[in-house]
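Everything in the sequence shown is counted per this note's numbering, starting at 23 for the first residue and increasing by one.
Idealized CB from N, CA, C, for every residue including glycine.
Below: one structure, written as structure tokens.
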Amino acid sequence: MLFVELALIRWIGSNVLHLSYFSNFVLLGSFLGIGIGFLRADKNENIFRFAPVVLALLIVFVVVFPVGVNRTGSDIIYFSANNTTGLPAWVTLPVIFLAVAGVLAMIGSGVAKTFIKFPALEAYRLDVMGSIAGIVLFSVLSFLHAPPLAWGSVVATAMVALLWPKLGILQIAPLGVVLLALGAETFAGNTSWSPYYKVTTDKYATSGEEVVRVSVNGVPHQNIVSSQLRKREEPLYFTSYDRLNNNPLNDVLIVGAGNGSDVAIALQHGAKHVDAVEIDPRLYQLGKELHPDHPYADSRVDVHIDDGRAFLERTHKHFDLILFSLPDSLTLVSGQSSLRLESYLFTQEAMNTATKHLKNGGAFGMYNYYRETWLVDRLAKTSEVSNGHAPCIDRVQGAGGLSLIINSPYKDAVKCGETWSRISSVDPKPATDDHPFLYLRDRGLPHIYVTAIILVLLASLVLVRANAGPFRGMRSFADLFFMGVAFLLLETKNVVQFSLLFGTTWFVNALVFAGVLVFIYLAIETARRVRISNPGRLYVPLLVSLAVAWIVPQHALLALDVVPRFFAAVLVAFTPVFLANLVFAERFKG
């Protein structure tokens with residue numbers, strides 16, 4: 023059940039761009055479906071046998087109607103395709119939400135009909151063990167860069183085993199459709215998979231040179247081109263070196279190294295050593311294989327497959343130049359947060375950290391297609407606060423907001439063509455580690471989120487009422503509502519906090535989810551062996567642990583070395599989870 027949920031979040035987001043940024047939409051559909059499945063546990067029916075049918079319909083719908091979207095409005099930015107494709111959002115999203123809920127309701131019903139044969143805590147224990155197994159298996163497949171056919175094969179094998187010996191054409195045919203659809207995508211000659219993206223490549227010619235275009239989740243993301251062609255067509259990539267004043271370039275750090283274009287440019291400008299940080303191993307691999315300048319084969323280059331902020335926090339090196347070169351991800355850290363992979367890279371604290379890693383006379387620069395003037399102003403203001411004076415800025419008119427911001431705490435280290443001053447009508451405050459939403463102009467909930475949440479709530483109320491009858495019977499379970507809200511908040515908080523402390527990589531994300539489940543499992547085992555006569559007493563240490571988690575500043579943990587930071591973070595983050603689940607386990611026995 024959990025494996026299917028994780029696979030659907032990942033796969034649908036790679037084909038429907040709405041859900042690359044709002045993957046919690048699929049998560050909520052999964053929660054609703056699992057809940058409905060469990061509400062029907064005592065019904066004299068077997069809807070699990072229809073799960074392959076609904077799963078096949080969902081897969082076919084997404085394959086036939088993939089979606090690329092434009093951003094709309096200027097209060098929230100997300101990168102997307104240039105033109106809308108597929109069906110309108112008001113058709114696509116409800117269909118996917120209901121189909122996901124349907125698939126998980128049928129699987130959830132099968133789980134529930136099994137669980138009612140066991141005592142409550144034993145069923146809960148099995149649930150958590152199965153969830154841990156699902157996360158471990160999905161993480162292993164992510165590590166192996168396994169394509170969707172591998173995920174579908176796991177699901178199909180499990181369904182065949184669980185439906186045997188009552189397996190019939192109603193199950194075999196849909197599972198065959200699922201494998202055929204995912205197999206066609208898997209074996210497409212220009213498609214591969216990283217732990218974050220569906221990566222596709224295609225070629226075109228310009229100025230007499232062949233260019234490899236790399237798209238992720240259906241969005242053009244990078245071009246693999248020679249430095250000579252890059253200089254002719256996008257000279258701003260080279261401008262940062264023009265702004266340096268007598269910089270020896272002994273050590274250069276490139277964050278967002280991608281396929282290696284920025285590394286090649288640094289080497290051409292005489293960099294004696296380059297640390298190239300790239301979070302996605304597949305993008306690095308493509309650059310290593312296809313870049314005409316072969317920058318990753320140069321002995322002066324060290325490659326780090328890591329989160330840029332995590333690298334800065336861990337390294338003890340200092341640099342003559344630090345560049346953030348187009349490090350814009352096209353996906354979220356997880357389905358349970360609104361953080362993108364680069365969210366903690368552009369906060370005030372991150373800029374301060376980068377500045378501290380500069381050598382005497384060193385400089386820090388960043389460039390990207392920012393598209394909104396207020397976003398340029400936010401980043402320039404953040405640079406100003408970190409360095410004590412306004413940065414240099416270079417803009418390319420008519421190039422989608424391509425801009426370079428470069429600064430240094432040493433005033434003579436850079437020579438400006440133009441000094442930044444605010445150009446937008448608003449004055450957006452810098453993003454911070456406590457509010458790392460770079461692309462959200464104003465604090466608050468964007469209308470797109472509020473609308474989606476209201477619609478999800480209405481759909482949930484209707485479907486729960488239809489499957490479980492009047493809501494009056496839920497009154498005695500009101501405490502479980504608050505426990506559920508608290509748990510989801512705790513889990514989301516831990517995912518976000520560990521992303522800051524250890525990086526926004528898929529591996530850190532998997533460790534957090536697995537860690538939460540392990541501590542839940544330990545609480546269950548404790549509750550099975552130790553009788554707690556008055557669970558209410560546990561609220562005192564629980565509230566104390568929550569207070570400690572709130573009081574301990576994140577920068578205090580960031581100041582620790584990696585090993586003590588890990589143990590401190592685990593203690594602070596998972597103690598409330600353990601204590602809360604002791605309370606919940608006692609309640610759940612009944």
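May I have the straight-line CA-CA distance separating residue i from residue j, to the nearest angstrom?
{"i": "Ser262", "j": "Leu28", "result": "41 Å"}
{"i": "Gly205", "j": "Ile31", "result": "18 Å"}
{"i": "Leu80", "j": "Ala172", "result": "18 Å"}
{"i": "Gly174", "j": "Val199", "result": "10 Å"}
{"i": "Ser405", "j": "Thr377", "result": "9 Å"}
{"i": "Leu565", "j": "Thr213", "result": "49 Å"}
{"i": "Pro468", "j": "Leu460", "result": "13 Å"}
{"i": "Glu232", "j": "Ala545", "result": "59 Å"}
{"i": "Val48", "j": "Pro88", "result": "15 Å"}
{"i": "Asp329", "j": "Val247", "result": "24 Å"}
{"i": "Glu547", "j": "Phe596", "result": "16 Å"}
{"i": "Leu41", "j": "Ile34", "result": "7 Å"}
{"i": "Gly59", "j": "Ala123", "result": "9 Å"}
{"i": "Ser443", "j": "Val162", "result": "49 Å"}
{"i": "Ile56", "j": "Leu77", "result": "14 Å"}
{"i": "Lys220", "j": "His243", "result": "12 Å"}
{"i": "Val26", "j": "Gly387", "result": "42 Å"}
{"i": "Cys414", "j": "Arg265", "result": "8 Å"}
{"i": "Phe582", "j": "His411", "result": "The sequence as given places Leu at residue 582; Phe does not occur at that position. Going by the C-alpha atoms only, they are around 30 Å apart."}
{"i": "Gly280", "j": "Lys65", "result": "53 Å"}
{"i": "His291", "j": "Leu258", "result": "14 Å"}
{"i": "Thr527", "j": "Leu363", "result": "7 Å"}
{"i": "Ser521", "j": "Thr514", "result": "11 Å"}
{"i": "Ser249", "j": "Thr441", "result": "27 Å"}
{"i": "Ala288", "j": "Val274", "result": "8 Å"}
{"i": "Ala619", "j": "Leu401", "result": "Here the chain covers residues 23 to 612 and nothing more, so residue 619 does not appear."}
{"i": "Pro563", "j": "Asn245", "result": "54 Å"}
{"i": "Val75", "j": "Val125", "result": "9 Å"}
{"i": "Val584", "j": "Lys339", "result": "16 Å"}
{"i": "Ser555", "j": "Ala488", "result": "38 Å"}
{"i": "Val117", "j": "Ser164", "result": "27 Å"}
Pull up the DSSP beta-bridge partners for residue i, would you.
{"i": "Trp215", "result": "Lys220"}
{"i": "Phe386", "result": "Ile344, Asn429"}
{"i": "Lys225", "result": "Val234"}
{"i": "Cys438", "result": "Note: Cys438 sits in no beta bridge, so no partner."}
{"i": "His326", "result": "Val299"}
{"i": "Leu613", "result": "This structure gives no information on residue 613, because the portion of the chain shown stretches from 23 to 612."}
Which residues in the same chain as residue i place their Cβ atom closer than 6 Å to its Cβ, once the five residues preceding and following it in sequence are excluded?
{"i": "Thr369", "result": "Ala453, Thr454, Asp455, Pro458"}
{"i": "Ile191", "result": "none"}
{"i": "Leu69", "result": "Strictly speaking, residue 69 in this sequence is Ile, with Leu absent from that position. Excluding sequence neighbours, Ile69 sits near Met128, Ser131."}
{"i": "Val85", "result": "Ala203"}
Can you name, in chain order, every residue of its own chain whose Cβ lies under 8 Å from the Cβ of residue i, other than the five neighbours on each side?
{"i": "Tyr318", "result": "Gly282, Val285, Ala298, Tyr306, Gly309, Lys310, Val325"}
{"i": "Gly108", "result": "Val38, Phe87, Pro88, Val89, Gly90, Thr114"}
{"i": "Ile98", "result": "Annotation note: pLDDT 45 at Ile98 (below 50); position unreliable, coordinate value reported separately. Contacts found: Tyr461, Leu462, Arg463, Pro468, Ile470."}
{"i": "Arg322", "result": "Leu289, Ala293, Lys294, His295, Val296"}
{"i": "Leu17", "result": "Since the first residue of the chain shown is 23 and the last is 612, residue 17 is not available in this structure."}
Going by C-alpha to C-alpha distance, which of the options sits closest to residue i?
{"i": "Val518", "options": "Leu480, Pro116, Tyr366", "result": "Tyr366"}
{"i": "Ser447", "options": "Val182, Met128, Glu394, Tyr471", "result": "Glu394"}
{"i": "Ala591", "options": "Arg559, Val530, Leu560, Arg609", "result": "Val530"}
{"i": "Asp399", "options": "Gly387, Ser351, Pro431, Asp449", "result": "Asp449"}
{"i": "Val236", "options": "Ser321, Asp224, Ser229", "result": "Asp224"}
{"i": "Ala532", "options": "Gly491, Ala481, Thr208, Ser153", "result": "Ser153"}
{"i": "Leu50", "options": "Ile476, Val570, Tyr543, Pro563", "result": "Ile476"}
{"i": "Val241", "options": "Thr222, Tyr389, Leu258", "result": "Thr222"}
{"i": "Ala155", "options": "Arg587, Gly537, Leu54, Ala168", "result": "Gly537"}
{"i": "Glu256", "options": "Phe165, Gly423, Tyr226, Ala178", "result": "Gly423"}
{"i": "Asn603", "options": "Arg550, Ile427, Phe260, Phe589", "result": "Arg550"}
Here's a check: name, in chain order, each residue in its chain whose Cβ is nearer than 7 Å to the Cβ of residue i, leaving out the five neighbours to either side.
{"i": "Val594", "result": "Val570, Ala571, Val574"}
{"i": "Trp112", "result": "none"}
{"i": "Leu601", "result": "Leu560, Pro563, Leu564, Ser567"}
Answer yes or no: the CB of residue i versus the heavy atoms of the ligand ADP, is any distance below 8 Å?
{"i": "Asp64", "result": "This structure lacks the ligand ADP, and indeed carries no ligand of any kind."}
field: Any 3 or more C-beta pairs closer than 8 Å across the segment 332-340 and the segment 302-316
entry: Three or more Cβ pairs closer than 8 Å define a contact, and the segment 332-340 falls short of that threshold against the segment 302-316.
query: Counting pairs of Cβ atoms below 8 Å between the segment 421-439 and the segment 255-273, do you hit three or more?
result: Under the 8 Å Cβ criterion, the segment 421-439 counts as touching the segment 255-273, having at least three qualifying pairs.
- request: Say whether the segment 131-147 touches the segment 497-509, bearing in mind that this needs 3 or more beta-carbon pairs closer than 8 Å, one atom from each stretch.
  value: Result no; under three Cβ-Cβ pairs closer than 8 Å.
- request: Decide if the segment 600-612 is in contact with the segment 141-150; the criterion is three or more beta carbon pairs, one per stretch, under 8 Å apart.
  value: A contact exists between the segment 600-612 and the segment 141-150.
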